[in-house]
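Worksheet: one structure, shown below.
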Amino acid sequence: MAQIRESSLSAQPYKLLERLEAVTARTTYFRFNSVPAELRLQIYYLLLPHHITIQFEPQLDNYAHPSTQTLWHYVQINPPQSKLNICTSLLLVNKFLREEAYGVLYGSNTFQFHVTRICHGRWSTPQYTNLNTLSILDTYITRRIQRCQIFVRLRINSAMEYRRAKRLLENIVEEFGPEHRLKDLQVYLERGMYTRRCQYSRSNNGQLITTCVRQFERENDAKWAQYCLEPMAGLRGVERAQVHGDVDASFAENLSSVMMRKAGAPAMKKVVYGKSITKRRKPGRIKKTISMRSNKKFWFPEFNWEDALGVGIAAQNTLD
Numbered sequence: 001m002a003q004i005r006e007s008s009l010s011a012q013p014y015k016l017l018e019r020l021e022a023v024t025a026r027t028t029y030f031r032f033n034s035v036p037a038e039l040r041l042q043i044y045y046l047l048l049p050h051h052i053t054i055q056f057e058p059q060l061d062n063y064a065h066p067s068t069q070t071l072w073h074y075v076q077i078n079p080p081q082s083k084l085n086i087c088t089s090l091l092l093v094n095k096f097l098r099e100e101a102y103g104v105l106y107g108s109n110t111f112q113f114h115v116t117r118i119c120h121g122r123w124s125t126p127q128y129t130n131l132n133t134l135s136i137l138d139t140y141i142t143r144r145i146q147r148c149q150i151f152v153r154l155r156i157n158s159a160m161e162y163r164r165a166k167r168l169l170e171n172i173v174e175e176f177g178p179e180h181r182l183k184d185l186q187v188y189l190e191r192g193m194y195t196r197r198c199q200y201s202r203s204n205n206g207q208l209i210t211t212c213v214r215q216f217e218r219e220n221d222a223k224w225a226q227y228c229l230e231p232m233a234g235l236r237g238v239e240r241a242q243v244h245g246d247v248d249a250s251f252a253e254n255l256s257s258v259m260m261r262k263a264g265a266p267a268m269k270k271v272v273y274g275k276s277i278t279k280r281r282k283p284g285r286i287k288k289t290i291s292m293r294s295n296k297k298f299w300f301p302e303f304n305w306e307d308a309l310g311v312g313i314a315a316q317n318t319l320d
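Taking my numbering, the leading residue of the sequence shown gets 1, the next gets one more, and so forth.
Dropping the structure here:
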């Protein structure tokens, strides 16, 4: 009996291998790549968010410093990835599925970014923070976005604030680059100071709530403040571009036309401003030194927008 058992046990692994090979030979794998593109798209819609607005906006949280009893406030950018139902495992299968999933995620959704300067602080002590929520994304992802909304909410009433706004927009144009895939771009300019204030709510059991207050600027400054959007003219190849907010209708139309031009289109013509020559005498010196100063003020436009209207407006009206 012992010999029979040993022989049966010794033959059992071979039988298992033969059975496994037979099952493997009969198994046919389901090839997802061979499914029609329309069906694959419907499957992606079930697994990924689509046709929604994904907001990247600044939020103010309350933070109690451990060494003191006072309450400090700080600005924190909360990405909305945690609020969305995203099947991330779909992006890790292979390159084919990842590229198609990227097309649904970054092609059908509208991404909303904010460029602002928020006033906040500890109680009445003002503190300012410059925010560009587009900078939290990787450049590889930014250049895959096809639908985008940019809200420029800044206080523009001095040369320093004017140059700061242009510098922030130059960073946005650099983030997208010439390899972008933008099909729909909307730019909103809202002038004013946005202040984050915290106060205790009596109706909500004394909890500390945060509110945002906008301080409007003078209407007389709206015409020259709109030229802070000039760096957006460096973004070319957008299928449909629109400019809204505190801007003139003619300037919005011209800027949209420039952004919808092809990447190889000629550069815009710059306005040539004259220079004034003055002679000044420094203290303790007899001779006067000659200095040349440009007549261009900081709010003067850099480009000639009267001749900017051209290719692009007709194509914009034909889009759905």
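Glycine included, every Cβ here is placed at the ideal spot set by N, Cα and C.
Spatial neighbours of residue i in its chain, beta-carbon cut-off 8 Å, leaving aside the 5 residues before and after
i      : result
Met268 : Ala233, Val258, Phe303, Asn304, Ala308
His51  : Ser108, Asn109
Leu39  : none
Ile141 : Tyr106
CA-to-CA distance, residue j to residue i, given in whole angstroms
i      : j      : result
Gln112 : Val243 : 14 Å
Gly245 : Arg153 : 10 Å
Asn317 : Met292 : Residue confidence for Asn317 is low, a pLDDT of 39 falling below 50, so the modelled location carries little weight and cannot support an answer.
Met160 : Ala249 : 26 Å
Glu253 : Arg31  : 49 Å
Thr110 : Ile145 : 8 Å
Gln42  : Ile86  : 15 Å
Lys296 : Arg261 : 28 Å
Val93  : Leu189 : 41 Å
Arg155 : Val35  : 53 Å
Candidates the options: closest to residue i by CA position
i      : options                        : result
Val187 : Arg164, Ile136, Val247, Glu161 : Val247
Leu229 : Pro301, Ile52, Ser158, Met260  : Pro301
Val104 : Arg147, His114, Asn94          : Arg147
Asn157 : Gly177, Lys223, Gly274         : Lys223
Asn33  : Cys87, Arg98, Thr88            : Arg98
Lys183 : Arg164, Phe251, Tyr106         : Tyr106
Pro231 : Ile141, Asn94, Tyr140, Ser256  : Ser256
Ala37  : Cys87, Phe56, Phe96, Gln55     : Phe96
Arg236 : Gln42, Ile172, Leu137, Leu189  : Ile172
Thr88  : Ile136, Arg155, Leu46          : Leu46
Beta-carbon proximity list for residue i, same chain, < 7 Å, skipping 5 on both sides
i      : result
Ala101 : Tyr44, Leu48, Leu90, Leu91
Thr139 : Glu175
Tyr227 : Trp299, Pro301
Ala265 : Arg236
Glu170 : Pro231
Glu306 : none
Endpoints, the alpha helix (DSSP H) within which residue i is located
i      : result
Leu91  : Here Leu91 belongs to no alpha helix (DSSP H), and DSSP marks it neither H nor E.
Thr133 : Looking at the DSSP string, Thr133 is not in any alpha helix (DSSP H), and its letter there is neither H nor E.
Leu48  : Premise fails: Leu48 is in no alpha helix (DSSP H) and is neither H nor E.
Glu175 : 159 to 176
Glu190 : Unbroken run through Glu190 is the beta strand (DSSP E), 184 to 191; no alpha helix (DSSP H).
Ala252 : 249 to 259
6 Å CB neighbourhood of residue i in its chain, flanking five on each side removed
i      : result
Pro66  : Annotation note: pLDDT 45 at Pro66 (below 50); position unreliable, coordinate value reported separately. Taken in chain order, the list of residues that qualify is empty.
Pro178 : Ala263
Val115 : Asn132, Val152, Leu168
Ile150 : Phe113, Val187
Pro283 : none
Check whether residue i and residue j have beta carbons under 7 Å apart
i      : j      : result
Lys270 : Ser294 : no
Ala165 : Arg191 : no
Tyr162 : Phe251 : no
Glu175 : Leu134 : yes
Arg143 : His180 : yes
Val272 : Leu185 : no
Beta strand (DSSP E) segment containing residue i, residue limits
i      : result
Phe56  : 53 to 56
Val272 : Where Val272 is concerned, there is no enclosing beta strand (DSSP E), given that its DSSP letter is neither H nor E.
Ile150 : 147 to 154
His244 : 240 to 245
Heavy atom of the ligand MG within 6 Å of residue i beta-carbon
i      : result
Gly107 : As for the ligand MG, it is missing from this structure, which has no ligand bound.
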